[in-house]
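Below you'll find the structure, written out as structure tokens, and then a few comments.
In structure tokens form, the structure reads like this:
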């Protein structure tokens, strides 16, 4: 993978103020695979004290979007067209880890997935499975 | 609607620290219909400066969940099972307004919708359409 | 609406052999709104004797796709990119009626909905709610 | 896996008249994994001559539902609550093969996936990716 692509992903991520608001960081950038983590803290909790589904959704969506971005020319970026999430288990533990990947990169649309895990010590639990569509757009 | 139900919704919302983190507030609670708003500020933006899709998702999901909650006995709450969002337009303007409603309340599952609008002055634009499933659980 | 558009929709529908296989017919074509019906017969049933979800999906998807097609130039057609269905009630009765409509027609993507009803005598029950994306393609 | 479970799956499948209408057959039954095939013939085609999305959806949904069923007690069956499909490529070739599997089996809900492939000679292409929810119900 062209190192410029990883730079583009990092630079784009750094412009996402929302990601700073929830203390998310990008922890891996490979071709068609990107990982984003967020610590589970009280400030992102829902009414039962678990991490909010919107946070799992947010890092899953971003990880999947950046996975798509690694396959595009340097002068394009992506926007999410649609995303579906099935929530599988309460998001409890130390951190959430979203692994985004590309299922099919078409010319006009890129179908993506994300697996979001909650890590508590050594234990990792799949808490959300996401499937959606990214659209390449010119910068 | 029993005023205790509106109290339960408000009390549950107040325990969602994530909603405070993004400065969301609950602005209407009717039977099977709940509205949540969030000001569009730099702290919730994505890389292009629009409100992040995760915020639209978060308030839409919560508005839909609380719409479902208004139909349940006082000793139950809901969890999101799955949710799908189609993003229709960039989330720009003064605030996001999510209107959650119930499509079909079954005994075991409640199918819900949310319409999320971006309001800029007098102008309101539908930016996200959501469709999902809530599951009643005992408190 | 240009009468040529209705002709194009009918002509396209007539080429869908699958629609003949399940005895579906197109019963209304308006701008951004198309209706397709199918009689509920044993040949389209699932194991409990209800109409199969794939049939509700099929006519809902087609009604939504043709609703999108009514908004396009004469030399384009649409393909389904993605579709989500929530099943709300058993599909029992005399016929299924799918009403497809357009939520948002963008330049590159058209977001659509379909409501599928089961009609039994005078009674009509919403059995499926669908939300998806159509992509315009050149003929 | 208890051989009675495989019998239950086969017996249920044989009662799906719709599956006979489209000439589908069940070709593999393992714990949490079921495969269904259908020959691509003119009678299941859409307007461009490809297999109709409703057929891919139908066999994917059934394969996923039966995958869930293999994990349930003998006196239960499943109904589809919701299903989302992303269509990835035209369904052309000799046959469609749907591989359904279980992502997470909860007490009240079972999250499932299906991969649908179009096989043309030796070549197999992923044409649809599906993600949904099954609900166990008493017989």
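Residue numbers (the working numbering), protein chains in the order written: chain A, 33 to 171; chain B, 33 to 171; chain C, 33 to 171; chain D, 33 to 171. Built from N, CA and C at the ideal position, the CB exists for glycine as well. Keep in mind it's a predicted model, so treat the numbers as computed, not measured.
Three-state secondary structure assigned by DSSP to residue i
i: residue 74 of chain C; result: helix
i: residue 52 of chain C; result: helix
i: residue 93 of chain B; result: helix
i: residue 141 of chain C; result: coil
i: residue 129 of chain D; result: strand
i: residue 82 of chain B; result: coil
i: residue 124 of chain A; result: coil
i: residue 88 of chain B; result: helix
i: residue 35 of chain A; result: helix
i: residue 158 of chain A; result: strand
i: residue 119 of chain C; result: strand
i: residue 146 of chain D; result: strand
i: residue 152 of chain C; result: strand
Residue i: contacting residues in chain B (beta-carbon distance under 9 angstroms)
i: residue 116 of chain D; result: 114, 116
i: residue 167 of chain D; result: 140, 141
Local Cβ density within 10 Å of residue i, reported as buried at 16 or more and exposed below that
i: residue 152 of chain B; result: exposed
i: residue 106 of chain C; result: exposed
i: residue 172 of chain A; result: With chain A covering 33 to 171 only, the question about residue 172 of chain A has no answer from this structure.
i: residue 40 of chain B; result: buried
i: residue 60 of chain A; result: exposed
i: residue 139 of chain A; result: exposed
i: residue 78 of chain D; result: buried
i: residue 51 of chain B; result: buried
i: residue 175 of chain D; result: Absent from the structure is residue 175 of chain D, since the part of chain D shown begins at 33 and ends at 171.
i: residue 34 of chain B; result: exposed
i: residue 43 of chain A; result: exposed
i: residue 94 of chain D; result: buried
i: residue 145 of chain C; result: buried
i: residue 109 of chain D; result: buried
i: residue 63 of chain D; result: exposed
Contacts that residue i makes with chain C (C-beta to C-beta distance below 8 angstroms)
i: residue 80 of chain B; result: Per Cβ cutoff of 8 angstroms: no residues; residue 80 of chain B is ~17 angstroms from chain C at best.
i: residue 156 of chain D; result: Under the 8 angstroms cutoff, chain C gives no residues; its nearest Cβ is about 21 angstroms from residue 156 of chain D.
Whole-Å CB distance - residue i paired with residue j, under 8 angstroms assumed
i: residue 102 of chain C; j: residue 66 of chain C; result: 7 angstroms
i: residue 141 of chain C; j: residue 167 of chain C; result: 6 angstroms
i: residue 164 of chain A; j: residue 114 of chain A; result: 5 angstroms
i: residue 128 of chain A; j: residue 161 of chain A; result: So it is not a contact: roughly 14 angstroms between Cβ atoms.
i: residue 123 of chain B; j: residue 92 of chain B; result: No, residue 123 of chain B and residue 92 of chain B are not in contact; Cβ-Cβ is about 11 angstroms, not under 8 angstroms.
i: residue 88 of chain C; j: residue 134 of chain C; result: Residue 88 of chain C to residue 134 of chain C, Cβ: 20 angstroms. No contact.
i: residue 56 of chain A; j: residue 74 of chain B; result: With a Cβ gap of about 16 angstroms, residue 56 of chain A and residue 74 of chain B do not count as contacting.
i: residue 76 of chain A; j: residue 126 of chain A; result: Not a contact, Cβ separation roughly 13 angstroms.
i: residue 90 of chain D; j: residue 54 of chain D; result: 7 angstroms
7 angstroms Cβ cut-off: residues of chain A touching residue i
i: residue 85 of chain B; result: 93, 112
Neighbour list for residue i in chain B, Cβ cutoff strictly below 8 angstroms
i: residue 171 of chain C; result: What residue 171 of chain C touches in chain B: nothing, since even the nearest Cβ is about 26 angstroms away.
Heavy atom of the ligand ADP within 7 angstroms of residue i beta-carbon
i: residue 34 of chain A; result: As for the ligand ADP, it is missing from this structure, which has no ligand bound.
Quiz item: Which residues, taken in chain order from the region 123 to 154 of chain C, show a beta carbon closer than 7 angstroms to some beta carbon of chain D?
Solution: none
Self-check item: Selection of the region 46 to 80 of chain D by Cβ proximity to chain B, strictly under 9 angstroms
Solution: none
Quiz item: Can you list, in chain order, the residues of the region 95 to 112 of chain B whose Cβ is nearer than 8 angstroms to any Cβ on chain A?
Solution: 109, 111, 112
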